[in-house]
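In this note's numbering, the protein residues as written are 2 to 466. Positions of the beta carbon are idealized from the N, C-alpha and C atoms, including for glycine. Owing to the predicted nature of the structure, the values given are computational and were not obtained by experimental measurement.
Written out as structure tokens, the structure reads:
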């Protein structure tokens, strides 16, 4: 091939390269340091409540203060609001008026899990169980025979709340969902994967040791309830006003002999939530435009509810900030930009038939920009305009951020959604961007360290644009 043709190919064709062939060597140590901190964030925030609390702890350590309606808001202020303990809104007030818009990164901090039912505790054949109702898009078979821990709150009638943590500390007991042995599982094995496990069989094994006289009934259930009462002061009736979530009892770890990846529960979407938060906290100077970070709840079940992205909580927070500068909210929104920071599906060569390889996201190729999500005919997508995509390309390239343009999978293969549509519905220009994930929505997902770090760099570039 002649030099002229080589130059022409370089100028005209995309020529995608693995990120390790493009990243600056001096950035690798910063990448490792960032990912070490991210793993600690994951371990501290295995539910949306725990994640919100950890996010606030980190923010306050960097000078962020709770926003109180009516307080003065001035350039350089670092403010946050916690929405009912399960979502967090943060803002670093910029030099320019909010009439010029804000630079927003919106992620979610809820992940697929198993919630306890309102009346969860029962005994069957002298074994005690909690009944669960799965939350979000799960493949039920993945939650069987793995260690689980329980976190959440029990709200009491007197207005107080009890924080529950079973299995989260060293030495704690864990729970598990049992399965058939292969010797007796022939009939089950003949069932389609999606129906082999029923949601009603995803019950947590709690105990087997009875108390009381042998002629009594429900002795194992009573023994479990006694343990819970001694530790937390609750009774069975208190489960009716509880939010208790079973999550994998596994900490974040390096994956691969080269330690190039991270395996953990909750990458979707805490990997982007942490990038959005950390990028905001790491701003060295007051940004030109106000930088806003949204860590929302309920995305995995449609973003409904008072802590979801469809609620008015975000509008209220922004309206309060705008009111302090005498700016109409609609004026701010129409000049704002939002990076909808959510994960994409990484190409897995073992399941190549569900991907369209030319438009798939690959590990180690950087942030995945997704012009549209939705299903099949783009249903449920915001479908960012060409100008919006070009804007992000320019910002990322100027900041030396590695990125790739991606789709979720084949056109008729399924689909998914993010919070992008709800931001776009507010008249805010929005584009999806995030980290490619292997085994998305599984109890143990895998991401590339390089992609994590490049996403952080990308969000930070947006805040500073």
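Fewer than three pairs of CB atoms, one per stretch, sit closer than 8 Å, so the region 137-145 makes no contact with the region 216-224. A distance below 7 Å between beta-carbons, with the five flanking residues on each side excluded, links residue 281 to the following residues of its chain, in chain order: 91, 93, 292, 294, 464. Going by C-alpha positions, residue 23 is about 21 Å away from residue 263.
The straight-line gap separating the alpha-carbon atoms of residue 277 and residue 428 is approximately 21 Å.
Per the coordinates, the alpha-carbon of residue 328 lies some 20 Å from the alpha-carbon of residue 82. Only buried fits residue 104, as 16 or more other CB atoms lie within 10 angstroms of its CB. Rounded to whole angstroms, residue 403 and residue 158 show a C-alpha spacing of 52 Å. Here residue 6 is exposed. Its C-beta has fewer than 16 other C-beta atoms within 10 Å. Its Cα nearest to that of residue 122, the residue 132 stands out among 115, 116, 132, 128. About 5 Å separates the Cβ atoms of residue 406 and residue 370, confirming a contact at the 8 Å cut-off. Here DSSP, grouped into helix, strand and coil, assigns residue 176 to strand. Within the model, the alpha-carbon separation for residue 334 versus residue 29 is close to 37 Å.
Among the bridge pairs identified by DSSP, residue 108 is matched with 296.
Per the DSSP secondary-structure output, residue 404 pairs in a beta bridge with 368. The beta-bridge partner set that DSSP reports for residue 116 consists of 134, 246.
The C-beta separation of residue 300 from residue 270 comes to about 7 Å, placing the pair in contact by the 8 Å criterion. For the alpha helix (DSSP H) assignment, the uninterrupted runs of no fewer than 4 residues enclosed by the region 240-289 are, from N- to C-terminal side, 268-282. Between residue 435 and residue 368, the CB-CB gap stays under 8 Å. In the structure shown, the three-state DSSP call for residue 442 is coil. With a 10 Å radius around the Cβ and a threshold of 16 neighbouring Cβ atoms, residue 254 comes out exposed.
Residue environment: residue 72 is assigned as exposed (fewer than 16 neighbouring CB atoms within 10 Å of its CB, all protein chains considered). The Cβ-Cβ distance between residue 313 and residue 222 does not fall below 8 Å.
Counting other Cβ atoms within 10 Å of its Cβ, residue 290 reaches 16 or more and is therefore classed as buried. Comparing alpha-carbon positions, the option among 304, 340, 438, 381 lying closest to residue 366 turns out to be 438. Between residue 39 and residue 453 a beta carbon distance of about 6 Å is seen, short of the 8 Å cut, so the two are scored as contacting.
In this structure, residue 117 sits near residue 240, with a CB-CB distance shorter than 8 Å. In the same chain as residue 416, and ignoring 5 residues on each side of it, the C-beta atoms closer than 8 Å to its own belong to 374, 375, 376, 377, 380, 381, 409, 410, in chain order. The three-state secondary structure of residue 68, taken from DSSP, is coil. C-alpha of residue 151 to C-alpha of residue 135: approximately 14 Å in a straight line.
In this model, residue 340 and residue 460 are separated by some 8 Å (Cα to Cα).
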